[in-house]
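Chains as they are written, first to last, in the numbering used here: chain Y, 2 to 54; chain D, 55 to 489. One structure below.
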C-alpha cells in the first residue's frame, strides 16, 4: 500500500519535472503564466529566499 | 495493477521524451537510480526502461534541430572518464579467466560514464542543474521514503536492506546518504513553501531509513557529512540545531539493538566482519602487485580460482594479522576494489576522478565567493555535492561500491556546475547571465 502510493506520487512528480524540462527548452513567454509548474522553480538569489522567509 | 499504472505513466512520459532530449536524459538518469522494476511484479518488470530512454536520448542527439545550441564544455573530468573506460576495457580484455561479472561490470561502467559524458550537453544552466538535482534526489530518496515510513510504522523494528541493485544494507545506506545533501539544497532554494516543507519531510524520513539499515559505516558517514555541512555552511547554528534534532530522533526512535550494533565500532579489530574485509584488502592488493597496470579484471578477487591463488598472499597489508575467511569475499572498499580489479593505474584514474570533484568544489567556492548574491546557490550546491562525495570517500572505504553510478553522476554534476558558473554567457543560449 505504502509502496504503491509513494510510487504514484513519485510518477506524478516526475511528470511535472519533465514538463518543467520541456518548458526550459521552449521560448519562455509560452509558459509564462503556468503556476502549477512554477512550484518547482527555484529562487534565483539568496536574497529572494530571505525576503520570502 | 501497479504495472498498469507505471505503464500508463511511461506512455505519458514517452511523448515528452521523444520531443525533448533533455527530458529523455532526465528520465534515463531517474530510471537508473530508482530501478523501478525492483518494485514491479508483472509485465513491466522485464521492460528495459533505462535502455529505452538512453536510446531516445542518443537518437535525438543525432537530429540537429533537437541538439540545441549549447556548446559542449568538457573539462578535466571528461578526459579522466574516457581514460577510465579505455583502461577498463583493456583490464576486462586482459582479465583472469572465469570472472563471472567481468564484462557485466565493465558494461555498467560504460553506461554510467556515457551518461556522464552527455551531461554537459543538457545540464548547462542553473535551472537545468536544479531540475537534474531534483530528479537525482527523487531517484535516490524514493527508496529512503519507503523504508523510512516502514521504520516509523513498525516503531523501529523494520530492517532496511534496500533493493538488489544496491547490494546489502551498508551499500544502501551509503546511496541514501549521498542523496540527502541535495535535499538540503532543494530546501534552501526552492521557491515554493510547499516544496520546501515536503523536502524537509523527505530528508527526515530518509534519515530514518538510514537508521533502519543498522549500518555502522553509515553512522561514520553521517558524522563526516554533518561536520562537512556545518563547517562549510553559512548557517552554522541552523546546522547544529538540525544535527541535534536528528540525534534526538536517533535516541528516541532507534531500538536497543541499533545501539548494540553501533557499539561494536569501538572493537573493530576483534570483529570478524571487519577483519574479513581486511583479508579481502590483502588479497586485492596482492592481485594488484602481480598485475600493476591492468589489475585482475572486474571483481577478480571474488572468483574462486583467483581466491585460491592469492588466499595467503599478504599484499600491501602484511603487517595486519587477519583470519582465513575460507571464502572469496568481496573487496569491501572502493579503493581496494579498484586496486585489485584495475591495478595501480586504475586506482590512479579513480582517485583522479574523485579529486576532480573536490577540485571543482574548491574552484566554484573561490569564484562564487566574489559574487555571493548572484552565485550563492552555486556555493551551496557545491558544498552539498562535496558532502555527497565525502560520504562516498569515507563510507565507501569499507564497501564494494566503486562502480555505483551515483558517485559518477555527482562528480559530473560538480563539473557542469563549475562550467555553468565559469562560462554562463557562452553556453546558455536561453538565459544570458542566469540559467
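Heads up, the beta-carbon is just placed ideally off N, CA and C, and yes, glycines get one too. These numbers come from a predicted model, not from an experiment.
Using 7 Å as the limit for Cβ to Cβ distance, is residue i near chain D?
| i | result |
| --- | --- |
| residue 7 of chain Y | yes |
| residue 46 of chain Y | Reliability fails at residue 46 of chain Y, whose pLDDT of 44 lies under 50, so the model's placement of it is uncertain and no value is given. |
Please work out which residues of its chain come closer than 6 Å, Cβ to Cβ, to residue i, disregarding the five sequence neighbours upstream and downstream, and give them in chain order.
| i | result |
| --- | --- |
| residue 240 of chain D | 253 |
| residue 370 of chain D | 339 |
| residue 271 of chain D | 224, 449, 452 |
| residue 376 of chain D | 329, 332, 333 |
| residue 411 of chain D | 443, 465, 468 |
| residue 250 of chain D | 241, 244 |
| residue 235 of chain D | 438, 441, 442 |
| residue 32 of chain Y | Note on residue 32 of chain Y: pLDDT 49, under 50, position unreliable in the model; the coordinate value appears next. Cβ within range, chain order: 24. |
| residue 417 of chain D | 472 |
| residue 280 of chain D | 297 |
Using a Cβ-Cβ distance under 7 Å, would residue i count as near chain Y?
| i | result |
| --- | --- |
| residue 229 of chain D | no |
| residue 296 of chain D | no |
| residue 203 of chain D | yes |
| residue 185 of chain D | yes |
| residue 177 of chain D | no |
| residue 70 of chain D | yes |
| residue 56 of chain D | yes |
| residue 63 of chain D | yes |
| residue 476 of chain D | no |
| residue 486 of chain D | Residue placement at residue 486 of chain D cannot be trusted, given a pLDDT of 38 that sits under 50; what the coordinates show is reported in the next sentence. No, no contact with chain Y. |
| residue 469 of chain D | no |
Show which residues of chain D have a CB atom less than 8 Å away from the CB atom of residue i.
| i | result |
| --- | --- |
| residue 11 of chain Y | 88, 192, 196 |
How would you list, in chain order, the residues of chain Y whose beta-carbon sits under 7 Å from the beta-carbon of residue i?
| i | result |
| --- | --- |
| residue 182 of chain D | 25 |
In chain Y, which residues lie with their C-beta within 8 Å of the C-beta of residue i?
| i | result |
| --- | --- |
| residue 199 of chain D | 7 |
| residue 60 of chain D | 8, 12 |
By Cβ distance below 7 Å, which residues in the same chain neighbour residue i in space, the five residues on each side in sequence not counted?
| i | result |
| --- | --- |
| residue 104 of chain D | 82, 85, 86 |
| residue 211 of chain D | 309 |
| residue 354 of chain D | 149, 150, 153, 341, 360, 394, 395 |
| residue 300 of chain D | 261 |
| residue 70 of chain D | 77 |
Along chain Y, in chain order, which residues have C-beta atoms closer than 9 Å to that of residue i?
| i | result |
| --- | --- |
| residue 67 of chain D | 12, 15, 16, 19 |
Note down, in chain order, each residue of its chain lying with its Cβ closer than 8 Å to the Cβ of residue i, except the 5 sequence neighbours on either side.
| i | result |
| --- | --- |
| residue 473 of chain D | 127, 129, 174, 178, 481 |
| residue 60 of chain D | 90, 94, 98 |
| residue 259 of chain D | 198, 199, 202, 203, 206 |
| residue 100 of chain D | 91 |
| residue 368 of chain D | 336, 340 |
So is the beta-carbon of residue i under 6 Å away from any non-hydrogen atom of the ligand PLP?
| i | result |
| --- | --- |
| residue 312 of chain D | Ligands displayed in this structure: none; no statement on the ligand PLP is therefore possible. |
field: the region 75-102 of chain D: positions lying closer than 8 Å to chain Y by Cβ
entry: 76, 77, 80, 81, 84, 88, 90, 93
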